[in-house]
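**Student:**
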Amino acid sequence: MVAVLDEAVGEWARMRVLVVEDEPKLADTIAEWLREEAHAVDVANDGDAALERVAVHDYDVVVLDRNLPVVHGDEVCRQIVESGSSARVLMLTAAADVTDRVAGLTLGADDYLVKPFAFAELAARVQSLGRRSRPAAPPVLSRAGVTLDQALHKVFRDGSYVPLAKKEFGVLAELLRANGAPVSAEFLLEKVWDEHADPFSPAVRLTILKLRRKLGDPPIIETVTAVGYRIP
1 MVAVLDEAVG EWARMRVLVV EDEPKLADTI AEWLREEAHA VDVANDGDAA
51 LERVAVHDYD VVVLDRNLPV VHGDEVCRQI VESGSSARVL MLTAAADVTD
101 RVAGLTLGAD DYLVKPFAFA ELAARVQSLG RRSRPAAPPV LSRAGVTLDQ
151 ALHKVFRDGS YVPLAKKEFG VLAELLRANG APVSAEFLLE KVWDEHADPF
201 SPAVRLTILK LRRKLGDPPI IETVTAVGYR IP
């Protein structure tokens, strides 16, 4: 298991991921691993709970066990695909037979991983799928003197390095991707935090305050009344 990164940003670009696995210990281990890579991760332990979450949240990737209780993983995959969701599906199975893998891919899964697997490989596959779930963003985002390198996970302002915590990096990336348009606190909470985040939490506001302080003067993050935040 990699070490938890409390203040440093993880190795890859952050995404919103749903882990669907009926073995709670395995589900929690996968979620922990992905969170250490700076992803926002939710967990469901059966197919019905998975479909409820997919209907509410905009996921980049769904890590989906095939043999699920209540609603089988095949049916969950089929409904995700038919819903038009942009989420990519990584299906997990204990069966190594090629016909089993083909069946899952035929249902619309984007990738397949056989148990037992290396967590590092799962994280790499999640990252690869996530890049295909949304329009590709430039590897380096720049605006108002701020440069955010998504590959290196580093931020600079006017050439000076600015160390950011994971959530701060995630919020700044979303603001830069908006290309000057305002971004709501609700959207930032959805993309950067997970489902356990309190919708009435001041987390976004506090993160914006920390970002403003770390990025220094003159301030570049504007508050758009009743709308959200933007970098003009």
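Counting from 1, one number per residue, gives the positions in the sequence shown under full-length UniProt numbering.
Note that CB positions come from ideal geometry on N, CA and C, so glycine has one too.
Values in this document were obtained by computation on a predicted structure and should not be read as measured data.
Which term fits K167, buried or exposed, when burial requires 16 or more other beta carbons within 10 angstroms of its beta carbon?
**Tutor:** Start at 1 with the first residue of the sequence shown, and residue 167 comes out as number 167. Buried.
**Student:** Grouping DSSP H, G and I as helix and E and B as strand, with all else coil, what is V19?
**Tutor:** Position 19 of the sequence shown holds residue 19. If DSSP states are grouped into helix, strand and coil, V19 belongs with the strands.
**Student:** May I ask you to list the residues that DSSP assigns as paired with A40?
**Tutor:** Taking the first residue of the sequence shown as 1, we reach residue 40 at position 40. Answer is R16, bridged to A40.
**Student:** Out of V62, V140, R212, R143, point me to the one whose CA is closest to A27's CA.
**Tutor:** In the sequence shown, counting from the first residue as 1, residue 27 sits at position 27. It is V62 whose Cα lies nearest to the Cα of A27.
**Student:** Quick one: what's got a C-beta closer than 6 Å to I220's C-beta in the same chain, skipping five residues either side?
**Tutor:** On the sequence shown, position 220 is the one that residue 220 refers to. Result list for I220: A144, I231, in chain order.
**Student:** Can you check whether the CB of D110 is closer than 9 Å to the CB of H129?
**Tutor:** As a first step, residue 129 is located in the sequence shown; it is residue number 129 there, counting from the start. As a first step, residue 110 is located in the sequence shown; it is residue number 110 there, counting from the start. Here the sequence assigns Leu to residue 129, which means His is not the residue at that position. It is a contact, given that the beta carbons lie within the stated cut-off.
**Student:** So, with DSSP's three-state summary, where would you put S128?
**Tutor:** Counted from its first residue, the sequence shown places residue 128 at position 128. Of the three classes helix, strand and coil, the one that applies to S128 here is helix, per DSSP.
**Student:** Would you kindly work out how many angstroms separate the C-alpha atoms of K115 and L90, rounded to a whole number?
**Tutor:** Along the sequence shown, one-based indexing puts residue 115 at 115. Along the sequence shown, one-based indexing puts residue 90 at 90. If you take the alpha carbons of K115 and L90, they lie about 12 Å apart.
**Student:** Measuring alpha carbon to alpha carbon, tell me which residue in E75, V162, E174 is nearest D65.
**Tutor:** The residue given as residue 65 occupies position 65 in the sequence shown. Minimum Cα distance to D65 is reached at E75.
**Student:** For F169, report the span of its alpha helix (DSSP H) as first-last.
**Tutor:** Counting from one through the sequence shown, the residue named residue 169 turns up at place 169. Counting along the chain, the alpha helix (DSSP H) containing F169 begins and ends at 166-177.
**Student:** Have a look at the DSSP bridge pairing and note the partners of K154.
**Tutor:** Along the sequence shown, one-based indexing puts residue 154 at 154. Per DSSP, D149.
**Student:** Work out the CA separation of L107 and V19 for me, nearest whole Å.
**Tutor:** Walking along the sequence shown from the start, residue 19 turns up at place 19. Walking along the sequence shown from the start, residue 107 turns up at place 107. Their backbone Cα atoms lie some 18 Å apart in a straight line.
**Student:** Is the region 34-42 touching the region 68-87, taking contact as three or more C-beta pairs under 8 Å?
**Tutor:** Judged by Cβ distances under 8 Å, the region 34-42 makes no contact with the region 68-87, as fewer than three pairs qualify.
**Student:** Leaving out the 5 sequence neighbours to the left and right, which residues in its chain are closer than 6 Å to V146 when beta-carbon positions are compared?
**Tutor:** For the purposes of this step, residue 146 is taken as residue 146 along the sequence shown, with counting starting at 1. If we look at V146 and ignore the five residues flanking it on each side, its Cβ neighbours are R157.
**Student:** Could you compute how far the alpha carbon of A186 sits from the alpha carbon of L152?
**Tutor:** Stepping through the sequence shown from its first residue, residue 186 is reached at position 186. Stepping through the sequence shown from its first residue, residue 152 is reached at position 152. Note that residue 186 is Glu in the sequence shown here, rather than Ala. Rounded to the nearest angstrom, the two C-alpha atoms are 27 Å apart.
**Student:** Are the beta-carbon atoms of L188 and V162 separated by less than 9 Å?
**Tutor:** What you label residue 188 is simply residue 188 of the sequence shown in a count that begins at 1. What you label residue 162 is simply residue 162 of the sequence shown in a count that begins at 1. Cβ atoms of L188 and V162: not closer than 9 Å.
**Student:** Counting C-beta neighbours from all protein chains within 10 Å, is the total for T225 16 or more, i.e. buried, or is it exposed?
**Tutor:** Numbered from 1 along the sequence shown, position 225 holds the residue referred to as residue 225. By the 10 Å Cβ count, T225 comes out exposed.
**Student:** Counting along the chain, where does the beta strand (DSSP E) carrying T93 start and finish?
**Tutor:** The residue given as residue 93 occupies position 93 in the sequence shown. Where T93 is concerned, the enclosing beta strand (DSSP E) stretches over 88-93.
**Student:** Go ahead and pull the three-state DSSP assignment for R230.
**Tutor:** Residue numbering aside, residue 230 sits at position 230 when the sequence shown is read from its first letter. Strand, per DSSP.
**Student:** Note down the Cα distance separating R88 from V54, rounded to an integer number of angstroms.
**Tutor:** As a first step, residue 88 is located in the sequence shown; it is residue number 88 there, counting from the start. As a first step, residue 54 is located in the sequence shown; it is residue number 54 there, counting from the start. Going from the Cα of R88 to the Cα of V54 covers about 12 Å.
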